[in-house]
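Notes follow once the structure below has been shown.
Residue numbers (our numbering), protein chains in the order written: chain A, 23 to 295; chain B, 291 to 604.
This is the structure in structure tokens:
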């Protein structure tokens, strides 16, 4: 009697493939891979701190850091610090945005200035400008003024460079269309050039905001005034390391959140055009 | 025969090694202060060498930076560390040990005003802006105590380090800046600023130890003999510094001031009685202040921190 072979249905083929295919990490979704790495690192840290492989006083276990975070949340310290840092960061980004866009326009408009100073601005972007804080303390005093000014200074190079890039990169065909409609230079700029450059300028503002946050938190830490940076410094001075680490990780999360929000906003702006 | 004696003597000498001094790593905050200068004064006078100790200093900015150097094992001992911060770290499980007192009372801190400001006496400071280093610091404590003692209302403003405070005073952002000697003594001598009030004017603080020497329990167990010898040398250095003008010359060279200013720093701002090393005074007061400044989470008594103190001063 002839043996009847199994029918190769789609489901059967699929099951056979899955059962025989070796596991490859690349098949994991990206979010699962991220979660796995974080969970692994946290777990390793927890175990090492608990068994004493790393000093649990200076590097407390993640469970202790979580307790520290809940304590800060319950006392309202972290909410207050976040509010202050956010106001300072947005203030710095707004100030840096106004002067940055103006500076980028000037470098675009005055060709000689663009050739002479663009490389300087690029160099300033990589320089540790935060070290100028003693000068700003003399000018503005030990208060939010210094923090906002330093934040603005830190974010300006990125905004200047992206503004110039955006304006320089406007397609000539768009400018020619303006000329055919006999637009004035001012109309040409506001109706064609600036809107065309806006996506690139917005990228500059987004990068600038991140630099503003970094500088604001850094200066708060240095001069012991303000929001999250001051909170972290103060917790470290009090040797409350679980809460200090909680503050540090919170700052990182806030930066990631700002990045994500502004990225979504940029995509929305571009899609709505 | 003579040649063989020479060869035998040379061979014997290779086994004779000179006694080497043991290296002692020390964290020293705020270089230039009289209180932290004993290490260099004693080293220059050969007092530490007599105990077989070779000092290797690590200069820090003070505060938690110094404690971290001790906890990480980068140094064997830290001198002149704030007692409130030490208690705070100990209460959170840091394996610290206090081996001696460094400063009792507050004779060194002073507040000054520009000579053209019109502020000459304490009664002139009502309603003015007075600087202190940062919240929770000893200068914060002292300035609050001064205002309470004189029953004066004034605004206190964080002004950072002595140099930052001086900048803010001269740029009129604050009316009184704070300092410790030798800083600002030159400007006082030149008439640019004048002292208005001092930390020594608060009676309640004068019998309280404010700064101590610290190490970790592990280091103390491992290097106890070295620690005992260091503290013996430190006590000898203290006596030397207050009895021999050569110490003033050494300090003046280190702090880059004149010998006359060095003498003023020692005699006017650091009476020997305040530099006693053996006793931790006013501990309950320190614990109350540690609670006030959130160095500790709940009220403590001296018996709760008994394990923190292991005085090695002979």
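Built from N, CA and C at the ideal position, the CB exists for glycine as well.
For this session: Taking 8 angstroms as the cut-off, decide whether the C-beta atoms of residue 373/B and residue 418/B are in contact.
Result: Taking the second chain and counting its residues from 1, one reaches residue 373/B at position 83. Taking the second chain and counting its residues from 1, one reaches residue 418/B at position 128. At a Cβ-Cβ threshold of 8 angstroms, residue 373/B and residue 418/B do not count as neighbours.
Exercise. Within the chosen definition, does the segment 479 to 497 of chain B reach the segment 187 to 198 of chain A through at least 3 CB pairs nearer than 8 angstroms?
Worked result: Contact fails: fewer than three Cβ-Cβ distances are below 8 angstroms.
For this session: Could you name the residues of the segment 492 to 513 of chain B whose beta carbon sits closer than 9 angstroms to any beta carbon of chain A, in the order they occur along the chain?
Result: If you check each beta-carbon in the segment 492 to 513 of chain B against every beta-carbon of chain A, none falls closer than 9 angstroms.
Exercise. Does residue 584/B come within less than 8 angstroms of chain A when only Cβ atoms are used?
Worked result: Sequence index remark: in the second chain, residue 584/B carries index 294 (1-based). Yes, residue 584/B counts as interfacial toward chain A.
Problem set entry | DSSP three-state assignment for residue 320/B, whether helix, strand or coil | Within the second chain, residue 320/B is the residue found at index 30, counting from 1. The answer is coil: DSSP assigns residue 320/B none of H, G, I, E or B.
Problem set entry | Nearest neighbour of residue 543/B, chosen from 560/B, 330/B and 356/B [CA to CA] | Along the second chain, read from residue 1 onward, the residue named residue 543/B stands at position 253. The shortest Cα separation from residue 543/B among 560/B, 330/B and 356/B belongs to 330/B.
Problem set entry | Per-residue burial, residue 540/B [other beta carbons within 10 Å of its own, 16 or more giving buried] | On the second chain, position 250 is the one that residue 540/B refers to. Residue 540/B should be labelled buried.
Exercise. Is residue 121/A near residue 272/A, with beta carbons less than 8 angstroms apart?
Worked result: By 1-based counting over the first chain, the position of residue 121/A is 99. By 1-based counting over the first chain, the position of residue 272/A is 250. A distance of 8 angstroms or more separates the beta carbons of residue 121/A and residue 272/A.
Exercise. Under a CB-based cut-off of 8 angstroms, is residue 389/B close to chain A?
Worked result: To locate residue 389/B, count along the second chain from 1; it is residue 99. Judged by the 8 angstroms Cβ criterion, residue 389/B is not in contact with chain A.
For this session: At 9 angstroms on the CB atoms, spell out the chain A contacts of residue 403/B, in chain order.
Result: Walking along the second chain from the start, residue 403/B turns up at place 113. Near residue 403/B there are no residues of chain A at all, since even the closest Cβ is about 18 angstroms away, more than 9 angstroms.
Exercise. Can the beta-carbon of residue 323/B be found less than 8 angstroms from the beta-carbon of residue 470/B?
Worked result: Against the second chain, residue 323/B aligns to sequence position 33. Against the second chain, residue 470/B aligns to sequence position 180. A contact, by the Cβ cut-off of 8 angstroms.
Exercise. The segment 326 to 357 of chain B: which residues have C-beta closer than 8 angstroms to a C-beta of chain A, in chain order?
Worked result: Residues 353, 354 and 357.
Exercise. Residue 282/A by DSSP, collapsed to three states: which one?
Worked result: Numbered from 1 along the first chain, position 260 holds the residue referred to as residue 282/A. In this structure, residue 282/A counts as helix in the three-state DSSP scheme.
Problem set entry | Spatial distance of residue 509/B from residue 366/B (CA atoms) | Here residue 509/B refers to the residue found at position 219 of the second chain. Here residue 366/B refers to the residue found at position 76 of the second chain. Taking the straight line from one Cα to the other gives about 6 angstroms.
Problem set entry | Per DSSP, the bridge partner or partners of residue 313/B | Within the second chain, numbered from 1, the residue matching residue 313/B stands at position 23. In DSSP, residue 313/B forms a bridge with 344/B.
Exercise. Taking residue 501/B as the reference, which of 519/B, 426/B and 565/B has the closest Cα?
Worked result: Here the question's residue 501/B lines up with position 211 in the second chain. The shortest Cα separation from residue 501/B among 519/B, 426/B and 565/B belongs to 565/B.
For this session: May I ask you to verify whether the segment 137 to 156 of chain A touches the segment 228 to 248 of chain A, counting CB pairs closer than 8 angstroms and requiring at least 3?
Result: Touching, yes.
Problem set entry | Best match in 158/A, 56/A, 226/A and 170/A for proximity to residue 123/A [C-alpha to C-alpha] | The sequence position of residue 123/A within the first chain is 101, counting from 1. Comparing Cα positions, the closest option is 226/A.
Exercise. Who pairs with residue 484/B in a beta bridge, going by DSSP?
Worked result: For this step, residue 484/B is matched to residue 194 along the second chain. Looking at the DSSP assignment, residue 484/B forms a beta bridge with 403/B.
Problem set entry | residue 258/A beta carbon less than 8 angstroms from that of residue 177/A | Along the first chain, one-based indexing puts residue 177/A at 155. Along the first chain, one-based indexing puts residue 258/A at 236. No, they are not a contact pair.
Exercise. With a cut-off of 8 angstroms, does the C-beta of residue 378/B fall near any C-beta of chain A?
Worked result: Looking up residue 378/B in the second chain gives position 88. Chain A, which has a Cβ nearer than 8 angstroms to the Cβ of residue 378/B, makes this yes.
Exercise. How long is the line joining the alpha carbons of residue 102/A and residue 347/B, rounded to whole angstroms?
Worked result: Mapped onto the first chain, residue 102/A falls at position 80. Mapped onto the second chain, residue 347/B falls at position 57. Here the alpha carbon of residue 102/A sits roughly 40 angstroms from the alpha carbon of residue 347/B.
Exercise. Which residues in chain B sit within 8 angstroms of residue 159/A, going by Cβ to Cβ distance?
Worked result: Translated into positions along the first chain, residue 159/A becomes position 137. Within chain B, 450, 454, 457 and 458 have C-beta atoms less than 8 angstroms from the C-beta of residue 159/A, given in sequence order.
Problem set entry | Interface partners of residue 164/A on chain E, CB under 8 angstroms | Here the protein chains are A and B, and chain E is not one of them.
For this session: Give the DSSP-derived three-state secondary structure of residue 590/B in the structure shown.
Result: Counted from its first residue, the second chain places residue 590/B at position 300. The three-state reading of DSSP puts residue 590/B in coil, since its state is none of H, G, I, E or B.
Exercise. From the beta carbon of residue 90/A, is the nearest beta carbon of chain B less than 8 angstroms away?
Worked result: Residue 90/A sits at position 68 when you count from the first residue of the first chain. Not an interface residue.
For this session: Compare the beta carbon distance of residue 388/B and residue 503/B with 8 angstroms and say whether it is the shorter of the two.
Result: Stepping through the second chain from its first residue, residue 388/B is reached at position 98. Stepping through the second chain from its first residue, residue 503/B is reached at position 213. A contact, by the Cβ cut-off of 8 angstroms.
For this session: Alpha carbon to alpha carbon, how far is residue 80/A from residue 65/A? Give it in angstroms, no decimals.
Result: Position 43 of the first chain, counting from 1, holds the residue named residue 65/A. Position 58 of the first chain, counting from 1, holds the residue named residue 80/A. Residue 65/A and residue 80/A: Cα-Cα distance of roughly 18 angstroms.
Exercise. Measuring CB to CB, does residue 445/B end up less than 8 angstroms from residue 392/B?
Worked result: Against the second chain, residue 445/B aligns to sequence position 155. Against the second chain, residue 392/B aligns to sequence position 102. For residue 445/B and residue 392/B, no; Cβs fall outside 8 angstroms.
For this session: List the residues of chain A whose Cβ lies closer than 8 angstroms to the Cβ of residue 382/B, in chain order.
Result: Within the second chain, residue 382/B is the residue found at index 92, counting from 1. Contact note: residue 382/B reaches chain A through 79, 261, 262 and 263, using a C-beta cutoff of 8 angstroms and chain order.
Problem set entry | the segment 413 to 424 of chain B: positions lying closer than 7 angstroms to chain A by Cβ | Within the segment 413 to 424 of chain B, the residues whose Cβ lies closer than 7 angstroms to some Cβ of chain A are 424, listed in chain order.
For this session: State the Cα-Cα distance for the pair residue 364/B and residue 349/B, rounded to the nearest angstrom.
Result: By one-based count along the second chain, residue 364/B stands at place 74. By one-based count along the second chain, residue 349/B stands at place 59. Taking the straight line from one Cα to the other gives about 12 angstroms.
For this session: Indicate the three-state DSSP secondary structure (helix, strand or coil) for residue 468/B in the structure shown.
Result: Position 178 of the second chain, counting from 1, holds the residue named residue 468/B. Under the three-state reduction of DSSP output, residue 468/B falls in the strand class.
Exercise. Are the segment 135 to 145 of chain A and the segment 82 to 91 of chain A in contact at 8 angstroms, needing three or more beta carbon pairs?
Worked result: In short, these stretches do not touch, since the Cβ pair count stays below three.
Exercise. Rounded to a whole number of angstroms, what is the C-alpha to C-alpha distance between residue 519/B and residue 513/B?
Worked result: Translated into positions along the second chain, residue 519/B becomes position 229. Translated into positions along the second chain, residue 513/B becomes position 223. About 10 angstroms.
Problem set entry | Where residue 217/A falls: helix, strand or coil (DSSP) | If you number the first chain from 1, residue 217/A lands on position 195. Reduced to three states, the DSSP call for residue 217/A is helix.
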